Amino acid sequence: MLQEGKTKVYTQYITFNTKKKRELIRITDKVKKAVEKSSIKEGLCLVSSMHLTSSIIIQDDEEGLHQDIWEWLEQLAPFKNNYKHHLTGEDNADAHLKNLLVHLQVILPVTNGQLDLGTWQEIFYAEFDGRRPKKIVIKIIGI
Amino acid sequence: MLQEGKTKVYTQYITFNTKKKRELIRITDKVKKAVEKSSIKEGLCLVSSMHLTSSIIIQDDEEGLHQDIWEWLEQLAPFKNNYKHHLTGEDNADAHLKNLLVHLQVILPVTNGQLDLGTWQEIFYAEFDGRRPKKIVIKIIGI
Amino acid sequence: MLQEGKTKVYTQYITFNTKKKRELIRITDKVKKAVEKSSIKEGLCLVSSMHLTSSIIIQDDEEGLHQDIWEWLEQLAPFKNNYKHHLTGEDNADAHLKNLLVHLQVILPVTNGQLDLGTWQEIFYAEFDGRRPKKIVIKIIGI
């Protein structure tokens, strides 16, 4: 399916300020709303963290799985006191590594004016070092 | 090199139904064919899994390396019975974690009407929980 | 914020030849310069490795954290002699796994003619098997 048209680019920022240090927040509806506002019918939608200690991921909205993901993240990129980064006064090196592990961003197709997700795909903001305002960017390009 | 033109967007879905639970399937030629069909000369090509338990990766088409990758994936995101996700009746939490580990998607440049890959870069569909129909999306935007 | 215009696509390749086998090289300025040259005001900028043993990552430009990242990469994707890939005569299977772990690429928003990064986000070329010429691609699409 090939379509042609005039290019539009839409930009939106969203700020999160989580109560907990680590949190998974479902943002599928916010991204869908951005796609609607953009009036873009066909294109690509970037959703990206603007920080080094949070990520955007696509996963299932299932509480048990979320617990598995947190345990797994803690195993592969554990909180520890003795990271060298902590010599600067920081205490969040594990959050940087968790961000590297699951990548900071996703890019999603927009088709027929809608976010083109698989049946079980939900978009999550993954906070690894919260309790302070943190920003993501949604940037949509298309026709 | 800067080029201008009228925007085109091309969309294609491909369904896989692997015989094995875990499989790496080379799809470089399928993506190249999509780029040809799109008639897009310059742009970006998203190739993305529409599931939570399969991925698109770029790697070498070398059998020994593929075995190394599978062993490594199993070490870092092992199959286990006691994931909390399995309380829902599922048995594939490891496949979700493998998907998070290697990311669900890649985005590739299209240059001079061709997929602009490095010499050894091949695109693979990585199935972590197969034996059922699963879909990927190819979305190309450009001029 | 929605904007419309004529589509431009800009392409640039950069070659690295690191002195060390493993190195993190900050390339934020090179990517910013590419965005300037493109004259693109709103769009998306792909920065991607064209190899299987190097990556583009976004992280903090802090030396302690970089050491933490290298130790972590070596723990999760260690150099070993007995990878099956090494039966081909290669010795860099760990570099392939490191590339898979942190992903090969990032895609960044371009806003108001500038790379739209968070305050602490710096772009790095991550070399896992250097001492030979290796290429990355920057591809920007927008208006």
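Chains as they are written, first to last, in this note's numbering: chain U, 1 to 143; chain L, 1 to 143; chain D, 1 to 143.
We put the CB at the ideal spot given by N, CA and C, even for glycine.
Values in this document were obtained by computation on a predicted structure and should not be read as measured data.
Got a sec? Which residues, its chain only, sit under 8 Å from residue i by beta carbon, not counting five neighbours each side?
i	result
Leu65(U)	Gln59
Glu122(L)	Arg26, Thr28, Ile58, Gln59, Asp60 and Asp61
Tyr83(U)	Ala93 and Asp94
Ile40(D)	Lys8, Tyr10, Val110, Gly113, Ile140, Ile141, Gly142 and Ile143
Leu101(D)	Leu73, Leu76 and Ala77
Phe79(D)	Asp94
If you draw a straight line from the alpha carbon of residue i to that of residue j, how long is it in whole angstroms?
i	j	result
Lys33(D)	Arg131(L)	48 Å
Lys139(D)	Leu117(L)	12 Å
Ser55(L)	Leu44(D)	22 Å
Thr15(D)	Glu63(U)	45 Å
Val9(D)	Ser48(L)	22 Å
Thr111(U)	Ile141(L)	12 Å
Tyr13(U)	Asp94(U)	25 Å
Val31(U)	Arg22(D)	38 Å
His96(L)	Gln105(L)	14 Å
Trp120(U)	Asn17(D)	43 Å
Lys6(D)	Ile136(L)	30 Å
Asn81(U)	Thr88(U)	12 Å
Ile69(U)	Met1(L)	43 Å
Ser38(L)	Leu115(U)	21 Å
Lys20(U)	Lys20(L)	41 Å
Glu90(D)	Val35(D)	37 Å
Where DSSP assigns a beta bridge to residue i, which residues make up the other side?
i	result
Glu151(L)	Beyond the ends of chain L as shown, which are 1 and 143, falls residue 151(L); an answer cannot be given.
Tyr10(U)	Ile140(U) and Leu2(D)
Gly113(U)	For Gly113(U), which the question treats as bridged, DSSP gives no partner whatsoever.
Leu108(L)	Cys45(L)
Thr18(L)	For Thr18(L), which the question treats as bridged, DSSP gives no partner whatsoever.
Taking 6 Å as the limit between beta carbons, can you name the residues of its chain near residue i, skipping five residues before and five after?
i	result
Asn92(L)	Thr53 and Asp129
His51(U)	Lys134
Lys98(D)	Leu73, Ala77 and Phe128
Gln3(U)	Glu42
Leu46(D)	Ile107 and Lys139
His85(U)	Ala93
Leu24(D)	His66, Phe124 and Ala126
Glu71(L)	none
Report all residues from its chain with a CB closer than 7 Å to the CB of residue i; omit the five preceding and five following residues, and keep chain order.
i	result
His103(U)	Ser55
- Message: Residues of the stretch 101-121 of chain L in Cβ contact with chain U at a cutoff of 9 Å, in chain order, please.
- Response: So the list reads Leu101, His103, Leu104, Gln105 and Ile107, given in the order they occur along the chain.
- Positions along the stretch 71-89 of chain U whose CB lies within less than 7 Å of some CB in chain L: The residues in question are Trp72 and Leu76.
- Message: Restricting to runs no shorter than 3 residues, where is the beta strand (DSSP E) found entirely within the stretch 21-101 of chain D?
- Response: Whole beta strand (DSSP E) segments, 3+ residues: 23-26, 43-49 and 54-59.
- Query: Given a limit of 9 Å on CB to CB distance, which residues of the stretch 10-24 of chain U reach chain D?
  - Reply: Taking a C-beta cut-off of 9 Å against chain D, the contacting residues of the stretch 10-24 of chain U are Tyr10, Thr11 and Gln12, listed in chain order.
- For the stretch 41-53 of chain U, which residues have a CB atom closer than 8 Å to at least one CB atom of chain D, in sequence order? Flagged, chain order: Leu44, Leu46, Ser48, Ser49, Met50, His51 and Leu52.
- Against chain L: residues of the stretch 120-140 of chain D by CB proximity under 8 Å: Residues Lys135, Val137 and Lys139.
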